[in-house]
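Chemist:
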Amino acid sequence: MKITESRSEIPETKESRLSRPSWEEYFIEIAHLVASRSTCLRRKVGAILVKDKRILSTGYNGAPRNLAHCGEVGCLRNKLKIPSGQRQEICRGLHAEQNAIIQAALYGINVKGAILYCTHQPCITCSKMIINAGIKKIIFQGKYPDPLAREILEEAGIELIKREKENA
Numbered sequence: 001m002k003i004t005e006s007r008s009e010i011p012e013t014k015e016s017r018l019s020r021p022s023w024e025e026y027f028i029e030i031a032h033l034v035a036s037r038s039t040c041l042r043r044k045v046g047a048i049l050v051k052d053k054r055i056l057s058t059g060y061n062g063a064p065r066n067l068a069h070c071g072e073v074g075c076l077r078n079k080l081k082i083p084s085g086q087r088q089e090i091c092r093g094l095h096a097e098q099n100a101i102i103q104a105a106l107y108g109i110n111v112k113g114a115i116l117y118c119t120h121q122p123c124i125t126c127s128k129m130i131i132n133a134g135i136k137k138i139i140f141q142g143k144y145p146d147p148l149a150r151e152i153l154e155e156a157g158i159e160l161i162k163r164e165k166e167n168a
């Protein structure tokens, strides 16, 4: 079997060979890739937990294991016209941050001192879990309408960094 190599149309230069994303850029891009697995009909969110430049776990938002996805059964929050950031308890899905923490726990991975890279700012529920899990820093991009979450993260001493999206 012949293997075909794909070559870029742009000629390689010394600068292009040395140009690499920063660790922060690298991990936030991976969080966006993880979000592509989301089964949520409203917002696709991805999260990864990283320690010592190693990915500990990933999570995306969607229904729990072995349950029907929202695309199959519909979104109750949409049906009831509930605004983003409100009444999260009636959603059948878990948030990406919750799934990343749960996946680490499921496999016995210690996340104390980890950095959370997330496509969106965590909500209040996720923020409380993040605090108790011992996560020390959150780097995120998208907004989420939850000022209380920001307040408690600040009170807990967790560094919260909003990273602007790069222009493509």
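In my numbering, the protein residues as written are 1 to 168. Don't be surprised by glycine CBs; every beta carbon is placed ideally from N, CA and C.
So, is residue 44 buried or exposed, given that buried needs 16 or more other C-beta atoms within 10 angstroms?
Modeler: The residue labelled residue 44 in the question sits at position 44 within the sequence shown. Residue 44 should be labelled buried.
Chemist: Cα-Cα, which of 144, 25, 143, 131 is closest to residue 154?
Modeler: By 1-based counting over the sequence shown, the position of residue 154 is 154. The residue with the shortest Cα to Cα distance from residue 154 is 131.
Chemist: Closest by CA to residue 144, which one among 157, 127, 123, 128?
Modeler: Translated into the one-based positions of the sequence shown, residue 144 becomes position 144. With distances taken between Cα atoms, residue 144 lies closest to 123.
Chemist: Exposed or buried, residue 78, counting other C-beta atoms within 10 Å across all chains shown (16 or more means buried)?
Modeler: Residue mapping note: residue 78 aligns to position 78 of the sequence shown, counting from 1. Burial call: exposed.
Chemist: So, helix, strand or coil for residue 79, using DSSP?
Modeler: Within the sequence shown, numbered from 1, the residue matching residue 79 stands at position 79. Correct three-state label for residue 79: helix.
Chemist: Say whether the stretch 22-32 touches the stretch 62-69, bearing in mind that this needs 3 or more beta-carbon pairs closer than 8 Å, one atom from each stretch.
Modeler: Judged by Cβ distances under 8 Å, the stretch 22-32 makes no contact with the stretch 62-69, as fewer than three pairs qualify.
Chemist: Less than 8 Å between the beta carbons of residue 107 and residue 31, yes or no?
Modeler: Sequence index remark: in the sequence shown, residue 107 carries index 107 (1-based). Sequence index remark: in the sequence shown, residue 31 carries index 31 (1-based). Against a cut-off of 8 Å, the Cβ pair of residue 31 and residue 107 comes out as no contact.
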